[in-house]
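K.L.:
Before I ask anything, here is the structure I am working with.
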Amino acid sequence: MLPRDVGSDPEAWDAASVPELPEVETTRRHVAQALTGRRIDVVEIRRDRMARRNERPADIVERLVGRTVESVGRIGKFIVIEVEGDLRWVIHLGMSGRLQLAGASHPEAPHTNVVVSLDDGVELRFVDPRTFGFVAVWTAEEWAASTMPAIGRDALSDTPDAVWLADRLAGRTAPIKALLLDQRVMAGIGNIYADEVLHRCGVRPTRPAGSLTSGEVEGLASVVGPVLEDGLLHGGTSLDDLAYLLPDGRAGEYAARLRVYGRTGEPCRTCGTPIERTIVAQRSSHFCPRCQT
DNA sequence: AACGATCCCTGTTGGC
DNA sequence: TGCCAACAGGGATCGT
3 MLPRDVGSDP
13 EAWDAASVPE
23 LPEVETTRRH
33 VAQALTGRRI
43 DVVEIRRDRM
53 ARRNERPADI
63 VERLVGRTVE
73 SVGRIGKFIV
83 IEVEGDLRWV
93 IHLGMSGRLQ
103 LAGASHPEAP
113 HTNVVVSLDD
123 GVELRFVDPR
133 TFGFVAVWTA
143 EEWAASTMPA
153 IGRDALSDTP
163 DAVWLADRLA
173 GRTAPIKALL
183 LDQRVMAGIG
193 NIYADEVLHR
203 CGVRPTRPAG
213 SLTSGEVEGL
223 ASVVGPVLED
233 GLLHGGTSLD
243 DLAYLLPDGR
253 AGEYAARLRV
263 YGRTGEPCRT
273 CGTPIERTIV
283 AQRSSHFCPR
293 CQT
């Protein structure tokens, strides 16, 4: 799954599917090789909604064309690309977004909403049927005025320690899962990983965040990194909609790693008790009623 | 300030 | 079989 010489090979590299943090990091690593040092020749915004975090879609085109990419980074699930001229090009994959690298002659996938052509003939294509993702290009001032500065510590590269986490959870009455999903606390955990993390540390998603004992906070802090590392190890696997898991072999491999998410009624892999499902923070949540208290 | 609810959007699914 | 409502999700935004 390593990127080929896409400049000469018309066969596209297709990023992994779902925007869980490990897939975003996998995507970042692949596009970094293709983008870094390249000059941007053409930018097409085909669905204005994808550019909704800029004042005008044309701003994105005008700011990127002719400029060179300096670096490709990541904060949580946001891909942050530094562009010549003190600009930040931000890409969020939403829930159905994928980045593709392809030669210009390679057929386009449906819902190719943004296309960026590089000076070596490679195209970066942003495919996103549900358009929950977005692309933005911000000046330093616009970045500062955006929600980005409030984004919390990256859950993978800057995994919070127990002391820091305890401080953030203290006094909070919202369910612990809501805080795990809050990107202003730590960045990168989505609905699936939130459930998986909570199962591994034995805490129910509904527990008020401030009610966790110091031991539970330590347990939580200790599993976040490993769970995400494990996901990154399998970062090439695909995961589309949950119901789509079974037909796809690779997706099945991913599903086999999940301990609770999407396993309502199935036996807990630890104790055999049927996994239960409830709604927390307006999101489906899965837990083992025996292992998690 | 903190928290919960709503909305955006479309492919897929399940009920009738 | 066919139709259509329900559902999934991340993040912005609004009301309390």
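In my numbering, each residue carries its 1-based index in the first sequence increased by 2.
Heads up, the beta-carbon is just placed ideally off N, CA and C, and yes, glycines get one too.
(1) Whole angstroms is fine: what's the gap from residue 259's alpha carbon to residue 95's?
(2) Suppose only complete runs of 3+ residues qualify. What are the beta strand (DSSP E) ranges in the segment 61 to 115, listed by chain order?
(3) By the 10 Å Cβ neighbour count, where 16 or more other Cβ atoms means buried, how is residue 199 classified, buried or exposed?
(4) In angstroms, rounded to a whole number, what distance separates the CA positions of residue 21 and residue 213?
(5) Using a 10 Å radius around the Cβ and a threshold of 16 neighbouring Cβ atoms, would you call residue 270 buried or exposed?
(6) Would residue 203 be called buried (16 or more neighbouring beta carbons within 10 Å of its own) or exposed?
(7) Leaving aside the five residues before and after residue 120 along the sequence, list all residues of the same chain whose C-beta is less than 6 Å from its C-beta, in chain order.
(8) Name, in chain order, the residues that DSSP records as bridge partners for residue 42.
(9) Take residue 295 and list the residues in its own chain whose beta-carbon comes closer than 6 Å to its own, dropping the five residues that flank it on each side.
(10) Excluding sequence positions up to five away, which residues of its chain have a Cβ less than 6 Å from the Cβ of residue 111?
(11) With a threshold of 8 Å on Cβ separation, who are the neighbours of residue 37 within its own chain once the five nearest residues in sequence on each side are excluded?
(12) Which value, in whole angstroms, describes the spacing of the CA atoms of residue 143 and residue 154?
(13) Would you kindly report the start and end of the unbroken alpha helix (DSSP H) that includes residue 29?
(14) Roughly how many whole angstroms lie between the Cα atoms of residue 53 and residue 134?
(15) What residues in its chain sit with their C-beta under 6 Å from that of residue 117, if we drop five residues either side in the sequence?
(16) Where do the N-terminal and C-terminal ends of the beta strand (DSSP E) with residue 281 fall, by residue?
(17) Evaluate contact between the segment 205 to 219 and the segment 174 to 181, counting only Cβ atoms and requiring at least three cross-stretch pairs below 8 Å.
P.N.:
Inspection of the coordinates gives the following:
(1) Walking along the first sequence from the start, residue 259 turns up at place 257. Walking along the first sequence from the start, residue 95 turns up at place 93. Their Cα atoms are separated by approximately 23 Å.
(2) 71 to 77, 80 to 85, 89 to 94 and 100 to 105
(3) As a first step, residue 199 must be located in the first sequence, where it is residue number 197. Buried, because 16 or more other Cβ atoms sit within 10 Å of the Cβ of residue 199.
(4) Looking up residue 21 in the first sequence gives position 19. Looking up residue 213 in the first sequence gives position 211. In a straight line, the C-alpha of residue 21 is about 30 Å away from that of residue 213.
(5) Looking up residue 270 in the first sequence gives position 268. Buried.
(6) As a position in the first sequence, residue 203 is number 201, starting the count at 1. Classification of residue 203: buried, given that the 10 Å Cβ count is 16 or more.
(7) Working through the first sequence from its first residue, we reach residue 120 at position 118. Correct list, in chain order: 40.
(8) Start at 1 with the first residue of the first sequence, and residue 42 comes out as number 40. Its beta-bridge partners are 120.
(9) In the first sequence, residue 295 corresponds to position 293, counting from 1. Contacts found: none.
(10) Locating residue 111 in the first sequence gives position 109, counting from the first residue. Answer for residue 111: 129, listed in chain order.
(11) Reading the first sequence from its first residue, position 35 is the one you call residue 37. Within the same chain, residue 37 has close Cβ partners 71, 74, 83, 120 and 126.
(12) In the first sequence, residue 143 corresponds to position 141, counting from 1. In the first sequence, residue 154 corresponds to position 152, counting from 1. Taking the straight line from one Cα to the other gives about 19 Å.
(13) Here residue 29 refers to the residue found at position 27 when the first sequence is read from its first residue. Run containing residue 29: 23 to 37, per the alpha helix (DSSP H) assignment.
(14) Residue 53 sits at position 51 when you count from the first residue of the first sequence. Residue 134 sits at position 132 when you count from the first residue of the first sequence. About 11 Å.
(15) What you label residue 117 is simply residue 115 of the first sequence in a count that begins at 1. Cβ neighbours of residue 117 beyond the five flanking positions: 46, 125 and 127.
(16) For this step, residue 281 is matched to residue 279 along the first sequence. Note, residue 281: beta strand (DSSP E), 278 to 282.
(17) yes
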